[in-house]
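Q: Sharing a structure below in structure tokens format, with a few things to ask.
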Amino acid sequence: MSNFFDLKKITPLKNFYCKYVTEKMKEENLPSSYVPFINALSKQKFGSQQELTENLGCNKAHTSRTLFKMQLQGLIKPLYTSKIELSEKGKIYAKKLTEIENKLYNELSVGVTESEKQTFNKVLDKLIANANRT
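Quick note on the numbering used here: the sequence shown kicks off at 559 and runs consecutively.
Here's what the structure looks like:
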């Protein structure tokens, strides 16, 4: 049985996303390394750096350095508070990031039907669930 999809096709999309978002966020003077943190923190508060590290799949040192820098720039609330969360300034950047991602999504999905989008997302969800089990 042959593979029904080619994982190598996902990499160029991820690379394009990273390049696109990095260029747009440069206009905001925001390092691209903050993007996954802003994305995660815009969706939920985290009780610890360890919890955030596990969610992002990065190492503790990277999380610690990035959060420290984000705090210095006023993007997150002070780290001594009970939860790690975006400050009002961080929420503004999160909104801009969402706008950038939505614009990219709209550009990439030209000619793709709603049914195809739903099917694609269902397949991705299953692949991610399977990856998390391994």
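The beta carbon of each residue, even a glycine, is placed where N, CA and C say it ideally should be. Because the structure is a prediction, the values reported are computed rather than measured.
#1: Over the uninterrupted alpha helix (DSSP H) stretch that includes Q602, give me the two end residues.
#2: Note the first and the last residue of the continuous alpha helix (DSSP H) segment covering K566.
#3: If you run the structure through DSSP and keep just helix, strand and coil, what is L633?
#4: Which residue comes first and which comes last in the alpha helix (DSSP H) that contains K684?
#5: Roughly how many angstroms lie between the CA atoms of L633 and K647, to the nearest whole one?
#6: Does the Cβ of A598 lie closer than 7 Å to at least one heavy atom of the ligand COA?
#7: Report the rounded CA-to-CA distance for F626 versus I642, giving the unit in angstroms.
#8: With a Cβ-Cβ cutoff of 8 Å, do I658 and V579 count as a contact?
#9: Compare the beta carbon distance of S622 and Q607 with 8 Å and say whether it is the shorter of the two.
A: Concretely, from the data shown:
#1: Counting from 1 along the sequence shown, the entry for residue 602 is found at position 44. Segment: none, Q602 is in no alpha helix (DSSP H) and carries neither H nor E.
#2: Taking the first residue of the sequence shown as position 1, residue 566 is located at position 8. Premise fails: K566 is in no alpha helix (DSSP H) and is neither H nor E.
#3: By one-based count along the sequence shown, residue 633 stands at place 75. For L633, the secondary structure class from DSSP, reduced to helix, strand or coil, is coil.
#4: Counting from one through the sequence shown, the residue named residue 684 turns up at place 126. First-last of the alpha helix (DSSP H) with K684: E672 to R691.
#5: Residue mapping note: residue 633 aligns to position 75 of the sequence shown, counting from 1. Residue mapping note: residue 647 aligns to position 89 of the sequence shown, counting from 1. Computed Cα separation, rounded: 5 Å.
#6: Absence of the ligand COA is noted for the structure shown, with no ligands found whatsoever.
#7: For this step, residue 626 is matched to residue 68 along the sequence shown. For this step, residue 642 is matched to residue 84 along the sequence shown. Roughly 11 Å between the two C-alpha positions.
#8: Start at 1 with the first residue of the sequence shown, and residue 658 comes out as number 100. Start at 1 with the first residue of the sequence shown, and residue 579 comes out as number 21. The answer is yes: Cβ separation under 8 Å.
#9: In the sequence shown, the residue the question calls residue 622 occupies position 64. In the sequence shown, the residue the question calls residue 607 occupies position 49. In this structure, Q607 lies closer than 8 Å to S622 by Cβ.
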